[in-house]
Amino acid sequence: MSKHDNNVEIKNNRLPQWRKAEACYFVTWRLDLGSGRLNGPERDLVCRAIEYFHGERYKLRAYVVMDNHVHIVLVMLAGNDLSDQLKSIKRYTAIHINRMRGRSGKLWQKASYTRILFDNSAVASCSEYVMSNPQRR
């Protein structure tokens, strides 16, 4: 797969959204302003939600859930849409975290940063970045 592949779809929203069937992606999303920080049990909930469809809808390469953002490197499996999966994870975790906090409303920023990883070097580099992210804090 290359950057010049005719099957790459790019949508220019607030953050550019790159899409390609069965591609490997680097994805980042953040808590909405005013949502505070995730505590340990909340981060665990997000981890379980991310891991739930591993092997069925996508294959995880690396991920980290920090106190105010999430990074994932994953490969989408045939017939599954990245946008749908991100919405599902965000919706599920927002409902449950808001319930844990005794509140309602927006938890995550709507937009996610997505980048297609076009070669093994990019996958390795992004995976290393994700796995070392907690050490940079």
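Residue numbering for the sequence shown is 2 to 138, as defined by my numbering.
Yeah, the Cβ is synthetic: ideal placement off N, Cα and C, and Gly gets one too.
Asked: 7 angstroms Cβ shell around N121 - same chain, five flanking residues per side excluded; Found: none
Asked: Identity of the residue in V74, N81, I90 and G106 nearest A123 by Cα; Found: V74
Asked: Residues that V47 bridges to, as DSSP identifies them; Found: None, per the DSSP bridge assignment.
Asked: Collapsed DSSP secondary structure at R116 in the structure displayed; Found: strand
Asked: First through last residue of the beta strand (DSSP E) which encompasses K88; Found: First-last for K88: L83 to R102, but that is the alpha helix (DSSP H), not the beta strand (DSSP E).
Asked: Environment of M77 [buried if 16+ CB atoms lie within 10 Å]; Found: buried
Asked: C-alpha gap between Y93 and H72, whole angstroms; Found: 17 angstroms
Asked: Local Cβ density within 10 Å of F27, reported as buried at 16 or more and exposed below that; Found: buried
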